[in-house]
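Data block below; observations after.
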Ligand SMILES: [Cu+2]
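In the numbering used here, the protein residues as written are 1 to 329.
Here is the structure:
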């Protein structure tokens, strides 16, 4: 047990885990779309190693090990390796297209290398700005990569954008991989230290438009302004609240200092993207409810005074008027 979770130590479960020797400072371990190869790259090398899954199974069967680490067998490197590909300096991660090519990011060299599975030949290279870490090809982690686009996720931008001070934005670069040669299409900002990302076809996304009213089973949800109410029981105050363009109901909540306040706020909108927020600065509260959603806000009214609450998500021309007051006596 570790921190309350059941854990199996692989050294106690023989035959479950085997180690394969990889380059120093290993990063990506990527499986080719056909499942035949495992490509392991290390930042401090100039080659990436292609391991053959069939050979790994054979080595396991024949117990072709070179030792063990903490009781876990280490497979014989030479017996499971198919190739060391001369991709360039500092290989990290590898992605795939639909034509049997692999694309490896090169951190030290600041480039992407394109190479052929099977012949292990590097056929093209494109410079990126700068210090690429991860990269993602369209559906490049699946059994059927799309093969048209690749995004380089770079740790630095190095002058690709207008300078606005000592701290510069990180950059991502969209690369066309549909032809023989890779070509840069577009530069965009990205988050600091961009990590794993996936590109999937847009038609695979089937998002809901709103949370349907009939599926909202929250026991404290209300759907009509007429049902808005404040229920007191000793020091507990329950507020059944509606948020709809462009007001809250109730708009005035009166409590005594020390009361425990629970607000059940239902956004009764059934229109896509009509979100409402609830901000109460002095109590450090800021939540947002999607259309059809009920959110619960809980706090102890330990500060005396009159405090405005307001919608924090632009909703209409009267958004600024969507507000009310908490009075703590
Ligand atoms: Cu609003």
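Backbone N, C-alpha and C fix where the C-beta goes; we use that ideal spot for every residue, glycine too.
Handout entry: Three-state class that DSSP yields for residue 238 in the structure shown
Key = On the chain shown, position 238 is the one that residue 238 refers to. It is a strand residue.
Handout entry: Nearest-angstrom Cβ-Cβ length linking residue 268 and residue 242, presumed shorter than 8 Å
Key = Along the chain shown, one-based indexing puts residue 268 at 268. Along the chain shown, one-based indexing puts residue 242 at 242. That belief holds up - the Cβ atoms of residue 268 and residue 242 are roughly 6 Å apart, short of 8 Å.
Practice task
Kindly list the residues whose CB is nearer than 7 Å to the CB of residue 168, restricted to its own chain and excluding five residues on each side of it in sequence; keep chain order.
Solution key: On the chain shown, position 168 is the one that residue 168 refers to. So the list reads 157, 161, once near-sequence residues are dropped.
Exercise for the section: Indicate whether residue 155 and residue 133 have their beta-carbon atoms separated by less than 8 Å. Expected result: If you number the chain shown from 1, residue 155 lands on position 155. If you number the chain shown from 1, residue 133 lands on position 133. Going by C-beta atoms, residue 155 is nearer than 8 Å to residue 133.
Exercise for the section: Leaving out five residues on either side along the sequence, give the residues of the same chain with a beta carbon under 7 Å from the beta carbon of residue 43. Expected result: Reading the chain shown from its first residue, position 43 is the one you call residue 43. The answer, listed in chain order, is 25, 27, 90, 92, 107.
Problem - Local Cβ density within 10 Å of residue 183, reported as buried at 16 or more and exposed below that - result: As a first step, residue 183 is located in the chain shown; it is residue number 183 there, counting from the start. Classification for residue 183: exposed.
Practice task
Consider the C-beta atom of residue 313 and the heavy atoms of ligand 1; say whether any pair is separated by less than 7 Å.
Solution key: Taking the chain shown and counting its residues from 1, one reaches residue 313 at position 313. True, at least one ligand heavy atom lies under 7 Å from that Cβ.
Problem - Stretch-stretch touch, CB-based, cutoff 8 Å, three pairs: the segment 244 to 261 with the segment 291 to 311 - result: With a cut-off of 8 Å, the segment 291 to 311 and the segment 244 to 261 count as touching, because enough Cβ pairs lie within range.
Problem - Of the residues 308, 79, 46, the one placed nearest residue 324, counting alpha carbons only - result: Looking up residue 324 in the chain shown gives position 324. That would be 308, whose Cα lies nearest to the Cα of residue 324.
Exercise for the section: Please find out if some non-hydrogen atom of ligand 1 comes closer than 7 Å to the beta-carbon of residue 182. Expected result: Numbered from its first residue, the chain shown carries residue 182 at position 182. False, no ligand heavy atom lies under 7 Å from that Cβ.
Practice task
Confirm, please, whether the CB-CB distance from residue 152 to residue 145 is below 8 Å.
Solution key: One-based indexing of the chain shown puts residue 145 at position 145. One-based indexing of the chain shown puts residue 152 at position 152. Taking 8 Å as the cut-off, the Cβ atoms of residue 145 and residue 152 do not count as close.
Exercise for the section: Per DSSP, which residues does residue 115 bridge with? Please list them. Expected result: By one-based count along the chain shown, residue 115 stands at place 115. 102, 122, per the DSSP bridge assignment.
Exercise for the section: Compute the Euclidean distance between the alpha carbons of residue 235 and residue 255, then round it to the nearest angstrom. Expected result: As a first step, residue 235 is located in the chain shown; it is residue number 235 there, counting from the start. As a first step, residue 255 is located in the chain shown; it is residue number 255 there, counting from the start. For residue 235 and residue 255, the gap between their C-alpha atoms comes out near 9 Å.
Exercise for the section: State the start and end residues of the unbroken beta strand (DSSP E) segment that holds residue 173. Expected result: On the chain shown, residue 173 is found 173 positions in, with the first residue counted as 1. First-last of the beta strand (DSSP E) with residue 173: 170 to 176.
Practice task
Return the first residue and the last residue of the beta strand (DSSP E) that residue 58 is part of.
Solution key: Looking up residue 58 in the chain shown gives position 58. Residue 58 -> not in any beta strand (DSSP E); alpha helix (DSSP H) instead, spanning 53 to 61.
Practice task
Classify residue 128 as buried or exposed, calling it buried when 16 or more other Cβ atoms lie within 10 Å of its own Cβ.
Solution key: Reading the chain shown from its first residue, position 128 is the one you call residue 128. By the neighbour-count criterion, in which 16 or more other beta carbons inside 10 Å mark a residue as buried, residue 128 falls on the buried side.
Handout entry: N-terminal and C-terminal residue of the beta strand (DSSP E) that residue 264 is part of
Key = What you label residue 264 is simply residue 264 of the chain shown in a count that begins at 1. Per DSSP, the continuous beta strand (DSSP E) segment holding residue 264 begins and ends at 260 to 267.
Exercise for the section: Give a single yes or no on whether residue 56 has its beta carbon closer than 7 Å to a heavy atom of ligand 1. Expected result: Residue 56 sits at position 56 when you count from the first residue of the chain shown. For residue 56, the CB stays at least 7 Å from every heavy atom of ligand 1.
Exercise for the section: Using the DSSP secondary-structure output, state which residues sit across from residue 247 in a beta bridge. Expected result: Working through the chain shown from its first residue, we reach residue 247 at position 247. Answer by DSSP bridge pairing, in chain order: 244.
Problem - DSSP-derived helix/strand/coil call for residue 222 - result: For the purposes of this step, residue 222 is taken as residue 222 along the chain shown, with counting starting at 1. For residue 222, the secondary structure class from DSSP, reduced to helix, strand or coil, is coil.
Problem - DSSP-derived helix/strand/coil call for residue 166 - result: Looking up residue 166 in the chain shown gives position 166. Correct three-state label for residue 166: coil.
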